[in-house]
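*Asks:* Chain order of the listed sequences is A and B. Numbered per our numbering, the first sequence finishes at 633, counting up by one with no gaps. Numbered per our numbering, the second sequence finishes at 190, counting up by one with no gaps. Below is the structure I would like to discuss, written out as structure tokens.
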Amino acid sequence: MQPINKNIEERFNSIVATATKRVDDRRPSNKPSIYVGMATCGLAAGAMETRAAFEEALAERQIEARLVNVGCLGHCYGEPLVVIENPGFPAICYHKVTPGKARALVRLFLQEGDPLFEYVLGALEENELIPTVMDFPRFNQERRVVLEKCGAVDPEDIDEYLAKGGYSALAKALEMSPAEVIAEVLDSGLRGRGGAGFLTGKKWQLARNAPGRDKTVICNADEGDPGAYMDRTILESNPHQLLEGLAICAHAVGAENALIYVRAEYPLAVKMIGSAIDHAHQLGLLGKAVLGTDFNLDISVFQGSGAFVCGEETALIQSLEGKRGMPQHRPPYPVEKGLYQQPTVINNVKTLSTIPAIINHGSQWYRAIGTEKSPGTAIFSVVGKVVHPGLVEIPMGTTLGELIFDVCGGIPNKKKFKAVQIGGPSGGCLPESFMDTPVDFDSLAEAGAMMGSGGMVVMDEDSCLVNVARYFLDFTQNESCGKCTFCRIGTRHLLNILERITNGEGNAEDLDLLQELSQEIKEGSLCGLGKTAPNPVLTSIKYFRDEYEAHIREKRCPAMMCRPLTAFYIDLEQCARGCDACVGSCPVDAIFTAKGRKKAIDQDLCVKCGECVVACPVEYNAVKKVSPPTLAPRIERPQEESS
Amino acid sequence: MDTAPVALEEEAMIEDIADMLSKIDRQRAKLIPILQEIQQRHEYLSKAALEIVAKHLDISSSEVYGVATFYNQFRFHPPGKHQIKVCLGTACHVVGGDIILENFERKLGIKDGETTADREFSIEKVACVGCCALAPVAVVDEVVQANMAPSKVEGILLGFDIQREREQREKQESATDK
Chain A
-9 MQPINKNIEE RFNSIVATAT KRVDDRRPSN KPSIYVGMAT CGLAAGAMET RAAFEEALAE
51 RQIEARLVNV GCLGHCYGEP LVVIENPGFP AICYHKVTPG KARALVRLFL QEGDPLFEYV
111 LGALEENELI PTVMDFPRFN QERRVVLEKC GAVDPEDIDE YLAKGGYSAL AKALEMSPAE
171 VIAEVLDSGL RGRGGAGFLT GKKWQLARNA PGRDKTVICN ADEGDPGAYM DRTILESNPH
231 QLLEGLAICA HAVGAENALI YVRAEYPLAV KMIGSAIDHA HQLGLLGKAV LGTDFNLDIS
291 VFQGSGAFVC GEETALIQSL EGKRGMPQHR PPYPVEKGLY QQPTVINNVK TLSTIPAIIN
351 HGSQWYRAIG TEKSPGTAIF SVVGKVVHPG LVEIPMGTTL GELIFDVCGG IPNKKKFKAV
411 QIGGPSGGCL PESFMDTPVD FDSLAEAGAM MGSGGMVVMD EDSCLVNVAR YFLDFTQNES
471 CGKCTFCRIG TRHLLNILER ITNGEGNAED LDLLQELSQE IKEGSLCGLG KTAPNPVLTS
531 IKYFRDEYEA HIREKRCPAM MCRPLTAFYI DLEQCARGCD ACVGSCPVDA IFTAKGRKKA
591 IDQDLCVKCG ECVVACPVEY NAVKKVSPPT LAPRIERPQE ESS
Chain B
13 MDTAPVALEE EAMIEDIADM LSKIDRQRAK LIPILQEIQQ RHEYLSKAAL EIVAKHLDIS
73 SSEVYGVATF YNQFRFHPPG KHQIKVCLGT ACHVVGGDII LENFERKLGI KDGETTADRE
133 FSIEKVACVG CCALAPVAVV DEVVQANMAP SKVEGILLGF DIQREREQRE KQESATDK
């Protein structure tokens, strides 16, 4: 270790002291604070209205309280989420806070001291009054390293991040030599969270040693996998942690230029990261002579224009240079010849956001989390048919079953688990027999899926795997950049065959053809997109062959999801005379009154949207869904009576 | 549609773009940010716009077109006043995102990627807006609409109808007042 540089420490401590003071001034200790989750998912669930209701109610009752916009806690099922710190009570987290509940909380909790147990998700700290969130598996099985401060700090307030220990890792790293920083990251065993799992320390070392003056470090936030949104959440909820990691990376590699490549489809993330960069500049944590050292760093934001393939590092570089985002041959790897042929490190958002914790707590601390070959935590966005969808950060090595059934609460509506799709369009579908598989880079790859970006879609018995495979192929064939013939044309043909099967026009040879073509696409493609595009097809045929066969042989969709293979009809025995709930619900006027004032569906007009199932009162439950469609009785529409 | 106002519109747009370009470096790396800026100001990239960008960067207009068409973000015809984006990410797909898209298409009489003749509405499908836990979702005029259903599609469009009627009535009333 080098002798501690007093200058850096002093400067940093004075920045923290000022920030802490500003935070304390803004937060008088005897007044309540209300934190409203205002990331994209919170806003979609109505957080804006909830916040407005708090504001109004506070003004109306003349209660002095601090309203703070925070990011996302990852508990998407409970949005809008609100945390209230009321003096005399533990910090309490409330879920599904509608404007009505917000007004009630102001009146009954803030004014009258009743914490309204019925709205509580849990207390955030130990106390004798209210169960804590740690009593739920969702919280106590999670291990938050990357998401630690998400939802707890105001993303637009650098002072809060500093007061909670932020940027201390950067100060510490600047006291270390680049080689020491790289050694620490290498020792930690951190593997790139972008999907491939390359050793981060190794990547940095290669770039450090590569000849070249204008080295660049890039944060890849081009999260293109449909179904994964953890990168967006980090950018929206705690952009400073990412900036800190990026700055440490630049120091280690010897770069003075850094870029954040973020999807233009994430406007809020773009805004948050932009303001975070400005704030860090103002405090001298970025820019010229960071913390008084000779380290300079400029970070700029580049907005990706929505091409999935640009998540691939060579394609990303092409697009930064103003070209079509087409992958290039490797080697040379970007660490040697990247942006404008200079050494370039490209790391994922999660990888970089992990760095501050490793520098602060040391590589051994990090190694103690997770498994030997995949240390640390994994972040998944678990969505689809689970009780508690959202973002989850768990130690590597947690089994799939624990993740889906304990942490995320299992399958809703008493349905049965069918499959989980891991790793997005490049990943695979795994059936129930894999529930004991630990979640880590190698075990998932062995099972035929992959870590990928961490998107996880849970499917129940109502999800058709053939249909899902078709969906992913539709996506990848659309996103294929067109460079390699097998990827460009092969994926199109895979899609054609799958479309045929889901339309009930498949034939016996299709399965062999799909498998053969899949192998060829894997072998004949240059980049990860083509190499992995057939994975959803291959794994679904491997584990759910009977479903493909039902589609092909019996023209039947067992999950009743493929619309050409299903039909709705109204069971006349159960239909109530005179009720016409379904008639109004039908968007195409396909429901008519048949004999005895009961209702029937015109099969030629029906678009199979399922609205009538929802509309039909539960006590009648008269609308039935069948597959194949020939099972639905056909009832003729009576001739219009001339009146 | 009458072409005269469109031509006028186009002329003003080119003037604005030329003005904007005069402040931007003639670097190839600026191509995508330039196209983004144009789309942000004018909602789409017209043929004339692509040509003037090519001239500014001293590259062929086919190259500009090649880059612009590579990325999903760019549009080549004017969108509607109200933009409807239907999410077809994985989570939305498994709960029927395509049904939502179909309902918008049917109600408005246009397909994905098109704009209604009166330029009131346009529909686009998007890969994922990252609100998977609230699926299926649609983004209508920048507002994320969670847990969509066919009946909600009707509700949203009805809301616009009512708003338009009210505006027209107010316009008429203020005209008669004068």
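Beta carbons: idealized from backbone N, C-alpha and C, even for Gly.
(1) CB-CB under 7 Å to L100 of chain A, same chain, minus the five flanking residues each way: which ones, in chain order?
(2) Given G108 of chain B, which residues of its chain have a CB within under 7 Å of its CB, disregarding the five upstream and five downstream residues?
(3) Taking one C-beta from the region 384 to 392 of chain A and one from the region 97 to 114 of chain A each time, how about it: are there three or more such pairs within less than 8 Å?
(4) Which runs of the beta strand (DSSP E) spanning at least 3 residues fall entirely within the region 243 to 313 of chain A, listed in chain order?
(5) Hey, quick one: how far does the alpha helix (DSSP H) through H68 of chain B stretch, first residue to last?
(6) Cβ of T128 of chain B less than 7 Å from any chain A Cβ?
(7) Quick one: list the residues of chain A neighbouring P162 of chain B, beta-carbon separation under 7 Å, in chain order.
(8) Does N159 of chain B have its Cβ less than 7 Å from a Cβ in chain A?
(9) Just to make sure I have the definition right: I need the residues of chain A whose C-beta is within less than 8 Å of the C-beta of G78 of chain B. Which are they?
(10) For Y77 of chain B versus A297 of chain A, is the C-beta spacing smaller than 7 Å?
(11) Using only the alpha-carbon positions, how far apart do L233 of chain A and L63 of chain A sit?
(12) Could you say if the region 538 to 558 of chain A and the region 445 to 453 of chain A meet the contact criterion of at least three C-beta pairs nearer than 8 Å?
(13) Strictly under 7 Å for the Cβ-Cβ distance: is R460 of chain A near chain B by that measure?
(14) Run through chain B and tell me which residues come within less than 8 Å of F465 of chain A, C-beta to C-beta.
(15) Closest to L437 of chain A by CA distance: which of A:I412, A:R535 and A:D594 is it?
(16) Suppose contacts are defined by Cβ-Cβ distances below 7 Å. Is E226 of chain A in contact with A35 of chain A by that definition?
(17) Name the two residues that bound the continuous beta strand (DSSP E) containing F558 of chain A.
(18) Cα separation between K363 of chain A and W355 of chain A?
(19) Are the C-beta atoms of G142 of chain B and some chain A residue less than 7 Å apart?
(20) Check I191 of chain B in the structure and name its three-state DSSP category.
(21) Any C-beta of chain A sitting closer than 7 Å to the C-beta of V152 of chain B?
(22) What did DSSP end up calling D450 of chain A once you bin it into helix, strand or coil?
(23) Taking the straight line between their C-alpha atoms, what separation do you get for I148 of chain A and L137 of chain A?
(24) For chain A, is any of its Cβ atoms less than 7 Å away from the one on T102 of chain B?
(25) So, is D221 of chain A buried or exposed, given that buried needs 16 or more other C-beta atoms within 10 angstroms?
(26) My parser needs the beta strand (DSSP E) runs of 3 or more residues fully inside the region 377 to 459 of chain A; what are they?
(27) At a CB-CB cut-off below 7 Å, which residues of chain B make contact with A254 of chain A?
(28) S453 of chain A CB to nearest chain B CB: under 7 Å?
(29) Provide the residue span of the alpha helix (DSSP H) that contains S227 of chain A, from first to last.
(30) Where do the ends of the alpha helix (DSSP H) carrying T481 of chain A lie?
(31) I need the boundaries of the beta strand (DSSP E) containing F370 of chain A, first residue and last residue.
(32) Whose CA, out of A:A270, A:E302, A:N3 and A:G301, lies closest to the CA of L287 of chain A?
(33) Name the chain A residues whose beta carbon is nearer than 8 Å to that of L146 of chain B?
(34) First and last residue of the alpha helix (DSSP H) that includes I172 of chain A?
(35) Kindly identify the DSSP beta-bridge partner or partners of F582 of chain A.
(36) With DSSP as the reference, label A347 of chain A as helix, strand or coil.
*Replies:* To lay it out plainly:
(1) P22, I53, A55 and N76
(2) P148
(3) no
(4) 247 to 253 and 288 to 294
(5) K59 to L69
(6) no
(7) P577, C599 and E601
(8) no
(9) R314
(10) no
(11) 20 Å
(12) yes
(13) no
(14) A139
(15) First, the amino acid is wrong: residue 437 of chain A is Ala here, not Leu. Selected option, being the one with the closest Cα: A:I412.
(16) no
(17) A557 to I560
(18) 15 Å
(19) yes
(20) Residue 191 of chain B falls outside the range modelled here, since chain B spans only 13 to 190, and no answer is possible.
(21) no
(22) strand
(23) 17 Å
(24) yes
(25) buried
(26) 380 to 385, 407 to 412, 418 to 421 and 445 to 450
(27) Q48 and Q85
(28) yes
(29) M220 to S227
(30) T481 to T492
(31) T367 to G374
(32) A:A270
(33) C31, A34, A35, C66 and E69
(34) P168 to S178
(35) A:A590
(36) helix
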